[in-house]
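A short worksheet on the structure shown next.
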Amino acid sequence: MNEIIKEYCKKLNSDIELSKRILFVQTPQVILDSFNKDIALANGYYIFPPTGIQYLCSTVQHRNLDMQILDLNFEILKNTHINPSFSHVEWESILEDKLNEFNPSIVCVSCLFDVGISPMLSVIQRARKRQNTIVIGGGVIATYEWQKLLSDDLCHFVVEGEGENKLNYLLDLLYDELEQVSMSGIHFNMAGKYEESIGKKDIVDIRGDLIDTYKLINLSEYCEYGSLNPFSRNIENTKMPFATIQLGRGCRAACSFCAVRDFLGKGVRYRNLDDIIGEMEYLVESEKVQHFELLDDDPTSHKEEFKAFCREIINRKWNITWSASNGMIATSIDKEMLGLIRDSGCIGFAIGVESGNKEMLKKVQKPGSHKRFLEFGQMLNDVPEMFVKANYIVGLPEETFGQMLDSFWFSLEDNTDWGAFTVCQIIRGASAFADSGEYFESQMDTKGLNVSNFIPSRDSSIKEINIEKSIKIGMDVFLLDQTEVPSNEQVKEIWFTFNVLSNYVFNKNLSADGEPTKFINWIERVRIAYPTNPNMNIFLSYAYILDNNKKLSKDRFMDANNNLLNNEYWIRRINSFKLESLYNSAPRTVEDVYTTLSNLRRTMLVEIKKRSSSQ
């Protein structure tokens with residue numbers, strides 16, 4: 051078996067004198083065309099430790115290799131902080147310096163998200179130019195674009211799916227060591243013909259911990275240059291050391307817009323609890339970690355194991371917090387579990403609702419029902435300390451505006467603290483996007499440009515509102531034909547409108563029975579990444595009055611008006627919602643706030659229903 055890959059490896063060995071030096075590269079995650087130095091200096095960008103690469107290093111650490119990890123995302127943000135003359139466009143020089151300094155025989159490159167396609171290609175191309183270097187591509191993008199990576203002679207090997215066992219098998223072949231169990235899923239180009247290794251289609255047994263791999267990264271520095279998510283940001287602007295933790299891999303669901311099940315296989319594999327807690331203990335005691343982010347796609351799949359995890363944290367009395375931004379499946383959370391989540395230090399998590407339309411839920415194969423989501427929402431009244439957001443997607447394949455509108459209305463009654471609306475993005479490997487190959491092609495030569503423009507509120511290479519008459523903005527969005535599927539450009543504006551109305555105008559925590567402190571803590575963390583957004587500041591101004599802080603209310607009111615000063619972009623956006631009156635005079639009393647916001651909501655509801663019913 052596998053004589054072809056053995057022959058190929060033998061040929062590489064004859065052409066390249068392999069050393070024991072292997073470099074693992076995590077590609078940039080920041081969106082290059084919208085990079086803002088001020089946001090970076092305020093720690094507004096995400097900077098996740100390279101956990102996936104650490105797992106790879108852990109599984110090959112018995113080989114006596116000289117391993118190094120180059121986290122380019124970390125390096126970009128670090129250099130922005132420590133070197134005033136550094137520009138993010140110079141990130142490739144960091145890679146070149148590392149390649150020249152370390153001189154690896156093998157370079158492994160991994161990329162998870164589509165925003166990193168162009169940087170990933172740049173990394174691979176630069177590594178491939180080195181005559182004595184074998185290049186191995188892995189991760190989600192490589193898995194689904196292996197043919198392109200091989201056809202352009204960019205990689206010697208492309209490893210699909212989980213890489214731990216396949217990498218071990220490949221290293222056995224390259225270093226002519228004792229062969230282990232043959233593995234399928236290793237792609238290569240032999241004499242102009244695509245080949246794949248033959249053998250076991252493995253599911254990785256995720257035993258053990260990552261403790262030894264932390265010596266390969268500077269974990270304590272990560273909080274100095276970025277954040278994991280808003281939950282890992284401290285509104286007092288003090289550094290809070292953080293880390294990620296993974297309870298297991300996989301997801302029980304089979305949502306058509308997601309590739310987790312395709313990439314990792316069916317079901318959820320849970321790690322041993324002792325391994326998890328041992329790893330956390332090391333991070334808390336040795337790395338002084340104060341906040342953890344769960345990386346899991348479905349952490350509550352094994353209900354009793356998850357409850358045991360929470361109890362262990364409670365019993366150890368660690369002074370830590372944790373969050374789960376990837377989301378949890380609401381149907382698996384009962385009252386006992388919710389209490390344990392709170393008591394173990396969780397300060398926030400997401401649930402996946404995705405759509406407020408029954409037909410769309412069925413179409414995308416999302417587990418759960420709207421009745422169950424609403425029941426879960428009522429359970430949240432028992433845990434007012436935690437910030438819970440509901441994830442919604444607009445622009446799902448063939449989704450009509452009427453179906454999107456159902457999501458908006460549902461977000462107003464789900465009783466969560468935030469409606470996290472996102473524009474549907476092409477995900478490689480998801481069944482809903484089976485014919486998405488051209489997107490990869492379009493990103494081949496972009497150099498990281500034209501990736502972020504689906505976020506109208508973020509600074510980007512195109513800072514303007516679409517002026518086409520066919521594109522409706524603000525309140526005019528509700529004039530759209532509810533039976534039609536909106537264009538991609540229109541979906542962006544639907545996203546923006548739903549976000550403004552659901553999360554600011556109608557936010558439950560700005561109502562008489564709400565928790566304004568929760569709104570304040572969340573927006574103060576989020577606004578770091580969106581310093582030009584006046585909506586955040588103006589509604590913070592109102593929230594601070596409700597929280598009895600007149601000074602900060604006045605400060606944020608001034609910030610909001612400064613955002614609008616000579617800014618035609620934001621002026622037009624504010625006017626499209628008829629919100630300009632909020633900026634005329636600062637709120638003074640609690641009664642002023644409730645009166646102003648109540649009148650605004652009443653007026654807007656009438657206007658929304660009027661416009662919607664006219665279609």
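FYI, in my numbering the residues of the sequence shown are 51 to 665. Glycine included, each C-beta is placed from N, C-alpha and C at the ideal position. Source: prediction; values computed, not measured.
Exercise. Using the Cα positions of L590 and A562, report the straight-line distance between them to the nearest angstrom.
Key: In the sequence shown, the residue the question calls residue 590 occupies position 540. In the sequence shown, the residue the question calls residue 562 occupies position 512. One C-alpha to the other measures close to 16 Å.
Quiz item: Contact between the region 338-352 and the region 365-380: three or more CB pairs below 8 Å?
Solution: A contact exists between the region 338-352 and the region 365-380.
Quiz prompt | Alpha-carbon to alpha-carbon, D325 and D509 | solution = Locating residue 509 in the sequence shown gives position 459, counting from the first residue. Locating residue 325 in the sequence shown gives position 275, counting from the first residue. Confidence at D509 is low in this model, with a pLDDT of 49, below 50, so its placement is unreliable and the value that follows should be read with caution. Linking D509 to D325 through their CA atoms gives a straight-line distance of about 42 Å.
Exercise. Report yes or no: do the region 246-257 and the region 63-74 share at least 3 C-beta pairs separated by less than 8 Å?
Key: The answer is no - the region 63-74 does not touch the region 246-257, with fewer than three Cβ pairs under 8 Å.
Quiz item: Could you give the distance in angstroms between the alpha-carbon of M290 and the alpha-carbon of C396?
Solution: Here residue 290 refers to the residue found at position 240 of the sequence shown. Here residue 396 refers to the residue found at position 346 of the sequence shown. Using only the alpha carbons, I get a separation of about 15 Å.
Quiz item: Is I523 near S626, with beta carbons less than 8 Å apart?
Solution: Here residue 523 refers to the residue found at position 473 of the sequence shown. Here residue 626 refers to the residue found at position 576 of the sequence shown. Yes; because the gap between Cβ atoms is below 8 Å, this pair is in contact.
Practice problem: May I ask which residues mark the beginning and end of the alpha helix (DSSP H) holding H112? | Solution: Taking the sequence shown and counting its residues from 1, one reaches residue 112 at position 62. Careful: H112 lies outside any alpha helix (DSSP H) and carries neither H nor E.
Quiz item: Beta-carbon separation of Q118 and L68 under 8 Å?
Solution: For this step, residue 118 is matched to residue 68 along the sequence shown. For this step, residue 68 is matched to residue 18 along the sequence shown. Contact flag unset, no.
Practice problem: Could you pull the start and end residues of the alpha helix (DSSP H) that T472 belongs to? | Solution: Sequence index remark: in the sequence shown, residue 472 carries index 422 (1-based). No alpha helix (DSSP H) holds T472; the beta strand (DSSP E) holding it covers 468-473.
Practice problem: Mind checking which residues open and close the alpha helix (DSSP H) that includes F163? | Solution: In the sequence shown, residue 163 corresponds to position 113, counting from 1. No alpha helix (DSSP H) holds F163; DSSP gives it neither H nor E.
Quiz item: Is DSSP giving S502 helix, strand or coil here?
Solution: Along the sequence shown, read from residue 1 onward, the residue named residue 502 stands at position 452. Because S502 carries a pLDDT of 48, less than 50, the predicted location of this residue cannot be relied on, and no value is offered for it.
Practice problem: Identify which residue in I658, F548, S603, K660 has its Cα closest to the Cα of L632. | Solution: Translated into positions along the sequence shown, residue 632 becomes position 582. Looking at the Cα atoms, S603 is the closest of the given residues.
Practice problem: Thinking Y442 and S382 are a contact (beta carbons under 8 Å), I'd like their distance in whole angstroms, please. | Solution: Stepping through the sequence shown from its first residue, residue 442 is reached at position 392. Stepping through the sequence shown from its first residue, residue 382 is reached at position 332. The C-beta distance from Y442 to S382 rounds to 20 Å, too long to fall under 8 Å, and the pair is not in contact.
Quiz item: Quick one: Cα of K70 to Cα of F124, how far?
Solution: Position 20 of the sequence shown, counted from the first residue, corresponds to residue 70. Position 74 of the sequence shown, counted from the first residue, corresponds to residue 124. Taking the Cα positions, K70 is about 25 Å away from F124.
Self-check item: V231 versus L388: straight-line alpha-carbon distance, rounded
Solution: One-based indexing of the sequence shown puts residue 231 at position 181. One-based indexing of the sequence shown puts residue 388 at position 338. Linking V231 to L388 through their CA atoms gives a straight-line distance of about 43 Å.
Quiz item: Roughly how many angstroms lie between the CA atoms of F85 and L221, to the nearest whole one?
Solution: By one-based count along the sequence shown, residue 85 stands at place 35. By one-based count along the sequence shown, residue 221 stands at place 171. If you draw a straight line from the Cα of F85 to the Cα of L221, it is about 37 Å long.
Quiz item: When the cut-off is 8 Å and only beta carbons count, does L106 lie next to chain B?
Solution: Annotation note: the requested chain B is absent from the structure, which comprises a single protein chain.
Exercise. If I'm right that I578 touches N93 with Cβ under 8 Å, what's the distance once you round it to whole angstroms?
Key: Here residue 578 refers to the residue found at position 528 when the sequence shown is read from its first residue. Here residue 93 refers to the residue found at position 43 when the sequence shown is read from its first residue. I578 to N93, Cβ: 7 Å. Contact.
Quiz item: Got a sec? Which residues, its chain only, sit under 6 Å from K416 by beta carbon, not counting five neighbours each side?
Solution: By one-based count along the sequence shown, residue 416 stands at place 366. Taken in chain order, the residues that qualify are C305, E404.
Self-check item: Under the three-state DSSP convention, the category Q340 falls into
Solution: Residue mapping note: residue 340 aligns to position 290 of the sequence shown, counting from 1. Q340: coil per DSSP, three-state reduction.
Quiz item: Taking the DSSP output, what are the residues bridged to K439?
Solution: Working through the sequence shown from its first residue, we reach residue 439 at position 389. In the DSSP output, where bridge partners are listed per residue, K439 has A400, W468.
Quiz item: Run through DSSP, which three-state label would S373 get?
Solution: By 1-based counting over the sequence shown, the position of residue 373 is 323. It is a strand residue.
Quiz prompt | Minimum length 4: unbroken alpha helix (DSSP H) runs contained in the region 553-608 | solution = Runs of alpha helix (DSSP H) with 4 or more residues, each lying fully within the region 553-608, are found at 566-576, 584-596, listed in chain order.
Practice problem: Sort out for me which residues DSSP pairs F74 with in a bridge. | Solution: Within the sequence shown, numbered from 1, the residue matching residue 74 stands at position 24. Note: F74 sits in a beta bridge opposite I119, C158.
Exercise. Look up V208 in the DSSP assignment and give the residues it is bridged to.
Key: Mapped onto the sequence shown, residue 208 falls at position 158. When DSSP reads this structure, V208 sits in a beta bridge with G187, H237.
Practice problem: Using a threshold of 8 Å, state whether the C-beta atoms of G213 and P78 are closer than that. | Solution: As a working mapping, residue 213 is identified with position 163 in the sequence shown. As a working mapping, residue 78 is identified with position 28 in the sequence shown. No, these two residues do not count as a Cβ contact at 8 Å.
Quiz item: Less than 8 Å separating the beta-carbons of L411 and D464?
Solution: The residue labelled residue 411 in the question sits at position 361 within the sequence shown. The residue labelled residue 464 in the question sits at position 414 within the sequence shown. The answer is no: Cβ separation not under 8 Å.
Exercise. Identify, in the order they occur along the chain, each residue of the same chain with its Cβ nearer than 7 Å to the Cβ of C273, setting aside the five sequence neighbours on each side.
Key: Mapped onto the sequence shown, residue 273 falls at position 223. Cβ neighbours of C273 beyond the five flanking positions: K289, M290, P291, F292.
Quiz item: Leaving out the 5 sequence neighbours to the left and right, which residues in its chain are closer than 8 Å to L323 when beta-carbon positions are compared?
Solution: As a first step, residue 323 must be located in the sequence shown, where it is residue number 273. Residues E355, A358, F359, E362 of the same chain have their beta carbon placed closer than 8 Å to that of L323, with the five preceding and five following residues left out of the count.
Quiz item: Are the CB atoms of D605 and I570 nearer to each other than 8 Å?
Solution: As a working mapping, residue 605 is identified with position 555 in the sequence shown. As a working mapping, residue 570 is identified with position 520 in the sequence shown. No, they are not a contact pair.
Quiz item: If you draw a straight line from the alpha carbon of N503 to that of L82, how long is it in whole angstroms?
Solution: Position 453 of the sequence shown holds residue 503. Position 32 of the sequence shown holds residue 82. Since pLDDT at N503 reaches only 45, below the 50 mark, its modelled position is unreliable, and no value is offered.
Quiz item: Are the beta-carbon atoms belonging to N613 and N587 less than 8 Å from one another?
Solution: Within the sequence shown, the letter at position 563 stands for residue 613. Within the sequence shown, the letter at position 537 stands for residue 587. Using a Cβ distance threshold of 8 Å, N613 and N587 count as a contacting pair.
Self-check item: Span separating the alpha-carbon of L390 from that of D384
Solution: Start at 1 with the first residue of the sequence shown, and residue 390 comes out as number 340. Start at 1 with the first residue of the sequence shown, and residue 384 comes out as number 334. Cα to Cα, L390 sits roughly 10 Å from D384.
Self-check item: Neighbour-count burial assignment, L149, 16 or more Cβ in a 10 Å radius
Solution: As a first step, residue 149 must be located in the sequence shown, where it is residue number 99. Buried, by the Cβ-count rule.
Exercise. Would you mind reading off the limits of the beta strand (DSSP E) that contains F292?
Key: On the sequence shown, position 242 is the one that residue 292 refers to. F292 -> beta strand (DSSP E) spans 292-295.
Quiz item: Nearest to I267 by CA position, among I401, T101, N583, D312, is which residue?
Solution: To locate residue 267, count along the sequence shown from 1; it is residue 217. Across the set I401, T101, N583, D312, the C-alpha of T101 shows the shortest separation from the C-alpha of I267.
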